[in-house]
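Worksheet: one structure, shown below.
There are 2 protein chains.
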Amino acid sequence: MSAFPEPLLRCLEELQKLPGIGPKSAQRILFALLDRGQEPALALARSLESLARSVERCPACRAYRETGRPCLLCEDPRRDRSLLCVVESAADVLLIEATGEYSGLYHVLHGLLSPMRGVHAEHLGVDAIEARLSGGEIREIILATPPTAEGEATASFLASLLAERGAAVSRIAFGMPVGADFQFVDAQTLGRSLSGRKTMAG
Amino acid sequence: MSAFPEPLLRCLEELQKLPGIGPKSAQRILFALLDRGQEPALALARSLESLARSVERCPACRAYRETGRPCLLCEDPRRDRSLLCVVESAADVLLIEATGEYSGLYHVLHGLLSPMRGVHAEHLGVDAIEARLSGGEIREIILATPPTAEGEATASFLASLLAERGAAVSRIAFGMPVGADFQFVDAQTLGRSLSGRKTMAG
């Protein structure tokens, strides 16, 4: 590796710190950037610097806002301020926004309860949810954590904590994915699909 | 997507321009950087800026050197200046260096002949190879392009162009990968392994 100059090796090393980027992907990215000339690498560098310097967590929803500016999620007057959707990560906000099915507020947990990995209630920003509830506008809290052991445990914990705070607490529905074939769906999913059935007629 | 601030969206866009990074990987990288705080994103930004501003192609071997500084491959006095290994990409130099089997000079083609995709001889820096040969030190040129149609065509082209220039021209060996099982090797590879056999005794 010493056949290449130090700035190249350092960049290779920094790229490998990114999630999902192994040595081969880092090399591919690095040599592609070198092939493309200065400008694409500088544009990426500028965007990373601006990300680091001018994006911060919103203290209310814990998603991201431009530093010191109003949060586009919390301050948008077109949003339904009676609904609060609780998600594991900011990436989940992007997914839910893409559905077009939701226009309420969000709370990003930035994790799921996991005593084994040292993630406790205080890391999930429960105080921010409680502060929102004190405002009195929230009518329903939708728990949209994933249907995994940690996701379910987190949902149960939040449901009991937030019960009797004047807002309904709901859980997103689990069942057959749309377009899925019975042959390719696991028994647990099919079980949840049956137990969560809805009346169609009669 | 307009739920997130502009610097975040711009960074997401820049990340997606990298090879092998789709929308999901870009999101994963971006939110990981935001979670890690300012410093990792700034370190990556600095390394990219330094890559763009202080790394350039060496005009002799066409790998990379620190701008205006001696090339670590071409100028290392411990290297065997009688051997020249011709490779498709700078990434191949890293792979060959990792074998520990080679300590000669390199020539990086930055592509393979492909008239269909508009890659012609002049893009491969053949003039730089010829300039090296004029120096009179090179005794052997090793063609280490891959065993694909384009790799073979490029090797054949270079072999006929460089014949009778005073240096031997060789091609890397093709055959069974070390540790491979006959059952999992394709017929072409096995064929090359047979036709390229070497005498062991007698």
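Just so you know, the protein sequences line up as chains A and B, in that order. Heads up: the first sequence runs through residues 1 to 202, numbered per our numbering. Heads up: the second sequence runs through residues 1 to 202, numbered per our numbering. We treat Cβ as the ideally placed atom computed from N, Cα and C, and that holds for glycine.
Span separating the alpha-carbon of residue i from that of residue j
| i | j | result |
| --- | --- | --- |
| residue 1 of chain A | residue 82 of chain B | Model confidence at residue 1 of chain A stands at a pLDDT of 45, short of 50, so the residue's coordinates are unreliable; what they give is reported in the following sentence. Cα to Cα, residue 1 of chain A sits roughly 22 Å from residue 82 of chain B. |
| residue 88 of chain A | residue 30 of chain B | 16 Å |
| residue 79 of chain B | residue 172 of chain B | 19 Å |
| residue 19 of chain B | residue 27 of chain B | 15 Å |
| residue 121 of chain B | residue 113 of chain B | 7 Å |
| residue 128 of chain A | residue 11 of chain B | 28 Å |
| residue 32 of chain B | residue 8 of chain B | 12 Å |
| residue 99 of chain A | residue 36 of chain A | 36 Å |
| residue 183 of chain B | residue 104 of chain B | 36 Å |
| residue 52 of chain A | residue 111 of chain A | 21 Å |
| residue 177 of chain B | residue 94 of chain B | 19 Å |
| residue 146 of chain B | residue 153 of chain B | 10 Å |
| residue 135 of chain A | residue 126 of chain A | 15 Å |
| residue 58 of chain B | residue 124 of chain B | 14 Å |
| residue 96 of chain B | residue 130 of chain B | 22 Å |
| residue 38 of chain B | residue 25 of chain B | 20 Å |
| residue 185 of chain B | residue 155 of chain B | 24 Å |
| residue 117 of chain B | residue 151 of chain B | 14 Å |
| residue 148 of chain A | residue 188 of chain A | 11 Å |
| residue 164 of chain A | residue 196 of chain A | 24 Å |
| residue 191 of chain A | residue 161 of chain A | 27 Å |
| residue 166 of chain A | residue 137 of chain A | 10 Å |
| residue 74 of chain A | residue 65 of chain A | 10 Å |
| residue 70 of chain A | residue 34 of chain B | 18 Å |
| residue 201 of chain A | residue 115 of chain A | 45 Å |
| residue 170 of chain A | residue 181 of chain A | 28 Å |
| residue 6 of chain A | residue 159 of chain B | 34 Å |
| residue 23 of chain B | residue 23 of chain A | 20 Å |
Residue i and residue j closer than 8 Å at C-beta
| i | j | result |
| --- | --- | --- |
| residue 132 of chain A | residue 168 of chain A | no |
| residue 49 of chain A | residue 63 of chain B | no |
| residue 4 of chain A | residue 72 of chain B | yes |
| residue 142 of chain A | residue 85 of chain A | yes |
| residue 56 of chain B | residue 43 of chain A | no |
| residue 76 of chain B | residue 144 of chain B | no |
| residue 61 of chain B | residue 106 of chain B | yes |
| residue 17 of chain B | residue 40 of chain A | yes |
| residue 193 of chain B | residue 175 of chain B | yes |
| residue 119 of chain B | residue 90 of chain B | no |
| residue 67 of chain A | residue 47 of chain A | no |
Residues bridged to residue i [DSSP beta-bridge criterion]
| i | result |
| --- | --- |
| residue 106 of chain A | A:85 |
| residue 169 of chain B | B:141 |
Proximity test, residue i beta-carbon vs the ligand SAM heavy atom, cut-off 7 Å
| i | result |
| --- | --- |
| residue 134 of chain B | What this structure holds is no ligand at all, so the ligand SAM is not there to describe. |
Min CB distance residue i to chain D below 8 Å
| i | result |
| --- | --- |
| residue 190 of chain A | In summary, chain D is missing from the structure at hand, where the protein chains are A and B. |
Contact list for the region 88 to 104 of chain A against chain B, Cβ threshold 7 Å: Going along the region 88 to 104 of chain A in chain order, one finds 89, 90, 91, 93, 94 and 97 with a Cβ nearer than 7 Å to chain B.
With 8 Å as the C-beta to C-beta threshold (strictly closer), list the residues of the region 20 to 34 of chain B near chain A in chain order. For the region 20 to 34 of chain B, the set of residues with a beta-carbon nearer than 8 Å to any beta-carbon of chain A comprises 20, 21, 25, 27, 28, 29, 30, 31, 32, 33 and 34, in chain order.
Mind listing, in chain order, the continuous beta strand (DSSP E) runs of no fewer than 3 residues lying wholly within the region 4 to 37 of chain A? Within the region 4 to 37 of chain A, no run of beta strand (DSSP E) reaches 3 residues while sitting entirely inside it.
Cβ-based contacts, 9 Å cut-off: residues of the region 39 to 54 of chain A near chain B: Residues 39, 40, 41, 42, 43, 44, 45, 46, 47, 48, 49, 50, 51, 52, 53 and 54.
In chain order, which continuous runs of the alpha helix (DSSP H) of length 4 or greater are located wholly inside the region 111 to 165 of chain B? Runs found: 126 to 134 and 149 to 162.
So within the region 52 to 81 of chain B, which uninterrupted beta strand (DSSP E) runs reach at least 3 residues, ignoring any that extend past its ends? With a minimum length of 3 residues, the continuous beta strand (DSSP E) runs that stay inside the region 52 to 81 of chain B are 55 to 57 and 64 to 66.
Just by C-beta distance, which residues in the region 144 to 159 of chain A are closer than 8 Å to chain B? The residues in question: there are none.
Could you list the residues in the region 101 to 131 of chain B with a C-beta less than 9 Å from some C-beta on chain A, going in chain order? Within the region 101 to 131 of chain B, contact with chain A at the beta-carbon level (separation under 9 Å) is assigned to 106 and 110.
Quick one: which residues of the region 1 to 13 of chain A get their C-beta closer than 9 Å to a C-beta of chain B? List them in chain order. For the region 1 to 13 of chain A, residues whose beta-carbon sits nearer than 9 Å to a beta-carbon of chain B comprise 1, 2, 3, 4, 5, 6, 7, 8, 10, 11, 12 and 13.
With 9 Å as the limit, tell me which residues of the region 61 to 77 of chain B have their beta carbon closer than that to any beta carbon of chain A; keep them in chain order. For the region 61 to 77 of chain B, residues whose beta-carbon sits nearer than 9 Å to a beta-carbon of chain A comprise 63, 64, 65, 66, 67, 69, 71, 72, 73 and 76.
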